[in-house]
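For the sequence shown, our numbering gives the first residue as 1448, with consecutive numbering after it. By construction, the Cβ of each residue, glycine as well, lies at the ideal position given by its N, Cα and C atoms. Only a predicted model underlies this, so the values are computations on that prediction, with no experimental measurement involved.
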Amino acid sequence: MSTISPVPKVEGRWRSLSSFGVALVMDGVEGGVVTTLFPMIRSALGLSLSSLGLLTGIGRFIGVIFGPFWVWVARRWSRKGVLVLFTGFWGVWAFAAGLSQNFTQLVIFTTIMAAGNAGGTPLIMEIISDLFDDGARGRAIGVLYGLNALGVGVLTPALAVLSEVENGWRIGFFIAGGVSVLSGVLIQLFFTDPGLGATEPLMSALTAEQRNENAKLTWAKAASILRVPTFLIIMGYRVLCGHLVVLAFLVVFLVDVYGFSTLKASSVVPVYALGYFAGTILGGFLTDSLHRRWPRTGRIGLFQGSVFTIALVGYFATQLDWSLPLIMVFFALLAVFQGMQGPVNRPIVMSVMLPELRGAAFAIWLSIFEALVAGVYLLAFGYFGDAYGLRVVFLWMVVITTVLNGIFLTLLYRPYLRDSQKVQDVLAARAGVR
1448 MSTISPVPKV EGRWRSLSSF GVALVMDGVE GGVVTTLFPM IRSALGLSLS
1498 SLGLLTGIGR FIGVIFGPFW VWVARRWSRK GVLVLFTGFW GVWAFAAGLS
1548 QNFTQLVIFT TIMAAGNAGG TPLIMEIISD LFDDGARGRA IGVLYGLNAL
1598 GVGVLTPALA VLSEVENGWR IGFFIAGGVS VLSGVLIQLF FTDPGLGATE
1648 PLMSALTAEQ RNENAKLTWA KAASILRVPT FLIIMGYRVL CGHLVVLAFL
1698 VVFLVDVYGF STLKASSVVP VYALGYFAGT ILGGFLTDSL HRRWPRTGRI
1748 GLFQGSVFTI ALVGYFATQL DWSLPLIMVF FALLAVFQGM QGPVNRPIVM
1798 SVMLPELRGA AFAIWLSIFE ALVAGVYLLA FGYFGDAYGL RVVFLWMVVI
1848 TTVLNGIFLT LLYRPYLRDS QKVQDVLAAR AGVR
């Protein structure tokens, strides 16, 4: 029988995490150029509101193909190499988007941008599970998404200022491209791949050959992901996540419903970002703390409670008329509970998947399933917003669907502990531990 010793903390893990934060900021900035400056793009290229749904939604759909593809490439080549090249230096396509002369060109270049960026989040989530053990992953993900929120919160007002500049939306894409290239440089300099399963104590007794053998991803292993009840419930939760696209339509919502200028409406975004930042940090610490105190129900209870609160605050934020300061307060509160989602649900998925399956699981969840769902919501927001107005759309797709989602998450309590224990049993069997 093998002897299992505690796994030491991965050296430089917070430094690596910081470089990932810049990569996620890049994704947010590229999307922010479209959402924040869409009133300007709409005027310059003669577009309708539904065009915003198309521009933001098509990137989600292209991720269905390229998200899993980059995970596959990373497993056969290098996780670091894929992140540096396709999350970082792929930003040159943002420069091309800034030179677009018509809507067709803009769609083509933003789609190519999305194809390269699609693998970033699944790979980063997999790597976080190798940098941080189960008791620290909530905080790590909270810090990661907090950095993203701060970066987007700082850069979005800067982008909004460009609405007062002729062809400012083009400059916005150039800025996004520069941030993307910077993220590639930082990942190259500061990230060292710790290897698959580096923080799993039960893998410490395995030889390098055994680790490599277990790391092989086969079709049979990939298919097993879809037989994990907890994972299927998490994917079902995503079907009812209309609140995911609030930020994409926030500025346009305030412009169309309240008649604010683009610059004035954009002033809500940094407040929203600060709320999101607070939610990610708070959610990360609460997740780890509640999980240690109540491993059976802590994470799930926080998850479900935050979802119900999103629906409640979302109603006050989008369905009643307020002055601008109160609008900022309600959207900041909404963002707090939205920010809690990642630090709670990502560790849940990590704990019910074997190390070699985590990247594939996040690719299926985030790059395929969530991309399809978010793409549908983005298109629906645009088309139904044209037909019925954004306030009605926010009621149905943010408030009502989120209430249903909170009820749906009740299904998680029973299978979660069983699925996470199965992972530990398999790792123990591999290590020869009874």
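Taking residue i as part of the alpha helix (DSSP H), name the residues at either end of that continuous run.
i: Q1785; result: L1771 to G1786
i: A1667; result: W1666 to I1672
i: D1640; result: Neither: D1640 is in no alpha helix (DSSP H) and is coded neither H nor E.
i: L1606; result: R1584 to V1608
i: R1685; result: P1676 to V1686
i: T1882; result: Absent from the structure is residue 1882, since the part of the chain shown begins at 1448 and ends at 1881.
i: I1488; result: F1485 to L1492
i: M1560; result: F1550 to N1564
i: D1703; result: V1693 to Y1705
i: L1710; result: T1709 to S1713
i: S1576; result: G1567 to L1578
i: W1540; result: V1539 to G1545
i: T1849; result: T1848 to F1855
i: S1443; result: The question about residue 1443 has no answer here: the residues shown for the chain are numbered 1448 through 1881.
i: L1859; result: Careful: L1859 lies outside any alpha helix (DSSP H) and carries neither H nor E.
Of the residues the options, which one's Cα is nearest the Cα of residue i?
i: H1690; options: L1679, A1667, A1623 and A1764; result: A1764
i: L1729; options: F1750, G1879 and F1777; result: F1750
i: W1843; options: V1531, L1606, L1687 and W1616; result: L1687
i: E1573; options: D1735, D1640, G1722 and L1629; result: D1640
i: F1536; options: V1675, G1504, V1873 and A1562; result: A1562
i: W1769; options: H1738, F1732 and V1715; result: V1715
i: V1626; options: D1735, L1471 and G1829; result: L1471
i: K1456; options: E1647, F1831 and G1468; result: E1647
i: Y1762; options: V1840, D1872 and F1542; result: V1840
i: D1581; options: A1878, Y1830, Q1868 and G1879; result: Q1868
i: A1583; options: A1623, Q1552, W1461 and I1680; result: W1461
i: F1467; options: F1638, L1602, T1557 and E1611; result: F1638
i: Y1863; options: S1798, I1815 and V1845; result: S1798
i: L1494; options: V1518, L1733, G1479 and T1551; result: T1551
i: G1567; options: P1604, F1542, A1521 and A1541; result: A1521
i: V1543; options: V1590, F1620 and V1760; result: Sequence inspection shows Ala at residue 1543; the Val mentioned does not correspond to that position. It is F1620 whose Cα lies nearest to the Cα of A1543.
What whole-angstrom Cβ distance do residue i and residue j have, given they're in contact under 8 Å?
i: I1571; j: G1789; result: I1571 to G1789, Cβ: 11 Å. No contact.
i: P1486; j: V1699; result: 7 Å
i: V1870; j: M1800; result: 7 Å
i: I1757; j: Q1785; result: 6 Å
i: N1852; j: Y1592; result: Actually they do not touch by this definition, with Cβ atoms about 19 Å apart.
i: G1585; j: P1742; result: With 8 Å as the limit, G1585 and P1742 do not qualify as a contact, their Cβ atoms being about 13 Å apart.
i: W1616; j: L1464; result: With a Cβ gap of about 32 Å, W1616 and L1464 do not count as contacting.
i: S1630; j: T1482; result: Incorrect: roughly 20 Å between the Cβ atoms, too far for contact.
i: D1833; j: L1496; result: 5 Å
i: F1831; j: F1696; result: Their Cβ separation, rounded to whole angstroms, is 11 Å, which puts F1831 and F1696 out of contact at 8 Å.
i: S1713; j: P1604; result: 6 Å
Do we get a CB-CB distance below 9 Å when we pair residue i with the residues of chain D?
i: Q1635; result: The structure shown contains no chain D; it is built from a single protein chain.
Three or more C-beta pairs below 8 Å linking the region 1792-1811 and the region 1510-1523: yes
Segment contact, 8 Å Cβ cut-off, at least three pairs: the region 1489-1501 with the region 1524-1541: no
Segments assigned alpha helix (DSSP H), at least 4 residues, entirely inside the region 1802-1842: 1802-1809, 1817-1835 and 1837-1841
The region 1708-1722 contacting the region 1593-1604, beta-carbon criterion three pairs below 8 Å: yes
Three-pair Cβ contact test at 8 Å for the region 1672-1680 versus the region 1856-1867: yes
Whole runs of the alpha helix (DSSP H) within the region 1507-1534, excluding any shorter than 4 residues: 1526-1529
The region 1602-1611 in contact with the region 1503-1510 per 3-pair CB rule at 8 Å: no
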